[in-house]
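Here the sequence shown is numbered in this note's numbering, starting from 9 and rising by one per residue. Glycine included, every Cβ here is placed at the ideal spot set by N, Cα and C.
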Amino acid sequence: MRETVLIKMKVMKLRRTKLKIWIIGINIEPESKYLSQLMKRLEQELPFQAELRLLTWNRAFDTLMDALKNDSAPDIFSIGTTWVHTLGYLQYLAPLPDSFKMRPLLAPWLNDVIRVNGRNHAVPFLSEVYVLMAKQKTLDTLGIQRDDLKDWDSFFASCMKINESFRTRGVEQIPLAMPLRPELGTMHRYFTWLFKSGWTFPPLRPGMDSIFRNEISNKTLNFISRLLLSSGADLKALNTDTQSLMERFESPENAFTFFVGNGNAYLMRMMNKSVNKDIVLYPVPSLVPDGKTFGGGSVLTVASACKHQELAWQVVEKLSSEEVMTELSTSIGGISPYEGGFWDKHSGDPNICLLKDEFSHSNSYVHHPVWYVIEQIMGDAIAFFFWDSIGKKNSDSFKVYDKMMEELDNKVIDVLNMMWELEEDETGRI
């Protein structure tokens, strides 16, 4: 009897539709464990068998592109929010069926992310939002209040007060920890301050004269430079990866007072009741009253080449459910991009409320078919500026803002013009 049941179970499993599912991970080990368990659970609810693979962010785009080009793409996969329009332009993404129930989204820019050529082609999955993290004991000791962190002038004055306090005790301290090495995290933090200045991306098109070369960009670079150089400390400590800086910020040694981060690590620790209670979240200081912060994240989508799209979208609907969003918040600190649910449950926590409010009023990068190329150009240019001009404390750093932005504009505009020429060739307009 037992053997008969086992045989039937094996036959049922063989009849199940196999779906290749690739998810981009942050903390691969805990995510892999959770997602493997989740897939087993979902296999009991839907007639599919999951072939799960986790990718790292730094290799995900190239790995996916190779698979899509070589007809070995996954059926379901997660991608960065800035990649949707690139893959949609290349017709690699399947549109959502009309029956898919999309829950209300917190950040308006997400609606533009998932919509390509008038139809939704992705479902928001995990999000991030950049906030100011602060060592509350240091602030309390120096009498620094919440209003002293609201705008750029008051925040700079607070950092000067912190500098003076540590300097009189013979302690070298950098008020604001910000990575200076070439990585996308450096660029995300620059754009956080740029968005807080009131700047927004202009629509990218061929024949533009300028994009980043303007007074606001120069003012933002100038502000960050003065902030980092003000302590007179050795900035070599900042020439490391974001995760290492975050860990050092969280340590009790007081090497830094402030850190601009995405809040995910805090959320994970809060959900697991292991949060450092000395760390409090604030909005990133703003130059203008309605300045927005930077938001990003990932979406789930189905490959246009998938032979079982209806079933695949049913799996996506399960993966983006409120239950899974809450579980991911606990396991990896994923921020839910949807209204209600998780946020309502934790509405009594002021730090969680701040994450919700900041994400609701966040901004992101512009959407363009060749954005991935533009992003690499921007990331290299901005990170090199911080590393070379600020990290090395070059005396001419304040004179190179305009030149750097001019060179960056020229490189991006060349890409936009090239894209237009390719479109003309493909459509026979020339």
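Counting along the chain, where does the alpha helix (DSSP H) carrying M254 start and finish?
T250 to E258
Cβ distance (whole Å) where A241 is taken to contact Q181 below 8 Å
7 Å
What is the DSSP secondary structure of V296, reduced to helix, strand or coil?
If DSSP states are grouped into helix, strand and coil, V296 belongs with coil.
On the criterion of 16 or more Cβ atoms from any shown chain inside 10 Å, does S439 qualify as buried, or is it exposed?
The first residue shown for the chain is 9 and the last is 438, placing residue 439 beyond what the model contains.
Proximity to D396 [Cα-Cα], best of P187, Y100, F164 and E59:
Ranking P187, Y100, F164 and E59 by Cα distance to D396 puts P187 first.
Write down every uninterrupted run of the beta strand (DSSP E) in the region 77 to 141 whose length is 3 residues or greater and which is fully enclosed by it, in chain order.
84 to 88 and 131 to 137
To the nearest angstrom, how far is the alpha carbon of F85 from that of F164?
43 Å
Find the nearest neighbour of G151 within the set I170, L134 and R277, judged by alpha-carbon distance.
Considering only alpha carbons, the answer is I170.
Span separating the alpha-carbon of L98 from that of N125
12 Å
Is it the case that the Cβ atoms of D422 and R221 are separated by a distance below 9 Å?
Contact flag unset, no.
4-residue-minimum alpha helix (DSSP H) runs that sit fully inside the region 281 to 334, ordered along the chain
317 to 327
What is the residue span of the beta strand (DSSP E) that A389 lies within?
From DSSP, A389 is part of no beta strand (DSSP E) but of the alpha helix (DSSP H) over W379 to F393.
Own chain, CB closer than 7 Å to V324, minus 5 neighbours either side, in chain order:
For V324, where only same-chain residues beyond five positions count, the Cβ hits under 7 Å are I84, V131, L308 and V310.
Near M20, what residues of its chain come up, given a Cβ to Cβ distance below 8 Å and the 5 sequence neighbours on each side ignored?
In this prediction, M20 scores a pLDDT of 47, lower than 50, which makes its location untrustworthy; the coordinate-derived value is nonetheless stated afterwards. If we look at M20 and ignore the five residues flanking it on each side, it has no Cβ neighbours.
For S312, which option in L62, K326 and H129 has the closest C-alpha, if you only look at C-alpha atoms?
H129
Within a Cβ cutoff of 7 Å, which residues of the same chain sit near W379, ignoring the five residues on either side of it in sequence?
T90, H93, T94 and Y373
Taking the C-alpha atoms as reference points, what is the distance between G206 and A320?
40 Å
Which of helix, strand or coil does DSSP assign to V268?
strand
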